[in-house]
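In this note's numbering, the protein residues as written are 304 to 722. What follows is a single structure, written as structure tokens, with notes after it.
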């Protein structure tokens, strides 16, 4: 860890600006990755400045009196830019909100901010890298371009946008421009460098700093009421659990088909916790099966209790070029902290499950492969299943807490500034 006395040494970034339209803090109901890292940077003796907007739909912001609102949150100097709100994820209003943020960022008075040694521009929105390049030139500092979602590739592969769509083409140009102008490209996915090379050429400076978590948040979990367990989760079956959104992108068709194929095997019982566009569809499609249950909603603090009453946890994604570059899913943190083995229908770049030894992948969209894997797990002893789950939890506690990831990030920044 950086000592406070080392912060004044040459080559160590003292002042770090983090700019992202969707950063949010725990004080407003949802702490994003960037605020967690900024908090750790501050604790390690740096001065962290976050510039964000009031339009993250997961957070609950107060009404700001002006276009630019300053406050200090857990030591992090925070500037909120009041921007255009949107209701739908894919909408013209959301794109206009991006433009509004960039205009406000351009106009924002910056004389009260400490002169930056490093500026981190984090997607989404990609447009912010344009302001980032301008600010780097103004202050003579280093520029980091952080990628958490690969746009516009995600729009094309999962949003069904044409590659010739004007918005896709514009974002593609900005993405390439940002990669080439940044001093460092940081991705939350482990194989981003391959994508960067395909878009902007080889030899660019890339690194991975994945999503993390706060272990203390898992100390505040609550147990499920006994009547909930008795009514919804049988005690004498092999429970395969899923927790998360039940929507168009969650690829649950494969496990639904697998549940149907295992309907005559009395060992298995499949539980699904979560809401979304496809929940009612799947409830209707499995109404004739007695080995599937869609659980009633529970409090966020009770989710771990649901997971711990499962024998195996499952997630899936559709086969898409986006996953070729790896993943860093928040869902896996909840799963691994429950200390349960994990099975995933996933055909992308492997990570976390294989690194920790707590689970395995089967090809996306392949119910036969999934069925075989489920049968294999059901034949394992309780001790072997428990050992696999514990390996995942221990690996997560060693490699993914925010202080660990912040130190990794700080080492990258120190090397950048030192060079």
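By construction, the Cβ of each residue, glycine as well, lies at the ideal position given by its N, Cα and C atoms.
Spatial distance of residue 654 from residue 696 (CA atoms): 15 Å
For residue 677, which of helix, strand or coil comes out of DSSP? helix
Does the pairing of the stretch 414–426 with the stretch 314–328 give three or more beta-carbon distances under 8 Å? yes
So, is residue 551 buried or exposed, given that buried needs 16 or more other C-beta atoms within 10 angstroms? exposed
Could you name the residues that DSSP lists as bridge partners for residue 574? 544, 596
Using alpha carbons as the reference points, say which of 623, 616, 627 lies closest to residue 635. 616
Give every residue of the same chain whose Cβ lies closer than 8 Å to the Cβ of residue 607, excluding the five residues on either side of it in the sequence, and list them in chain order. 521, 524, 637, 640, 641
Should residue 412 be labelled buried (16 or more other beta-carbon atoms within 10 Å of its own) or exposed? exposed
Alpha carbon to alpha carbon, how far is residue 266 from residue 443? Residue 266 lies beyond the residue range present for the chain, which begins at 304 and ends at 722; the question has no answer from this structure.
Minimum length 3: unbroken beta strand (DSSP E) runs contained in the stretch 355–416: 371–376, 379–384
Starting from residue 481, follow the alpha helix (DSSP H) in both directions and report where the run begins and ends. 469–484
Where residue 581 and residue 566 are concerned, what is the direct C-alpha to C-alpha distance, given to the nearest angstrom? 21 Å
Suppose only complete runs of 3+ residues qualify. What are the beta strand (DSSP E) ranges in the stretch 644–670, listed by chain order? 645–648, 662–665
To the nearest angstrom, report how far apart residue 352 and residue 341 are at their CA atoms. 8 Å
Report yes or no: do three or more beta-carbon pairs, one from the stretch 397–409 and one from the stretch 430–441, lie closer than 8 Å? yes
Taking 8 Å as the cut-off, decide whether the C-beta atoms of residue 622 and residue 547 are in contact. no
Rounded C-alpha distance that separates residue 588 from residue 349: 54 Å
Does the distance from the C-beta atom of residue 633 to that of residue 514 stay below 8 Å? yes
Can you list, in chain order, the residues of its chain with a C-beta nearer than 6 Å to that of residue 332? Leave out the 5 residues immediately preceding and following it. 362, 363
So residue 651 and residue 629 are in contact, right, with Cβ under 8 Å, and what is the actual spacing, rounded? 7 Å
Determine the contact status of residue 485 and residue 447, defining contact as a CB-CB distance below 8 Å. yes
Reducing DSSP to helix, strand and coil, say where residue 325 ends up. coil
Do residue 357 and residue 396 have their CB atoms nearer than 8 Å? no
Once you ignore the five residues that flank residue 477 on each side, which residues in its own chain have a CB closer than 8 Å to its CB? 429, 430, 432, 433
Suppose you measure from the CA of residue 595 to the CA of residue 673; what does that come to, to the nearest Å? 16 Å
If residue 445 sits next to residue 720, beta carbons under 8 Å apart, how far is it from one beta carbon to the other, in whole angstroms? 6 Å
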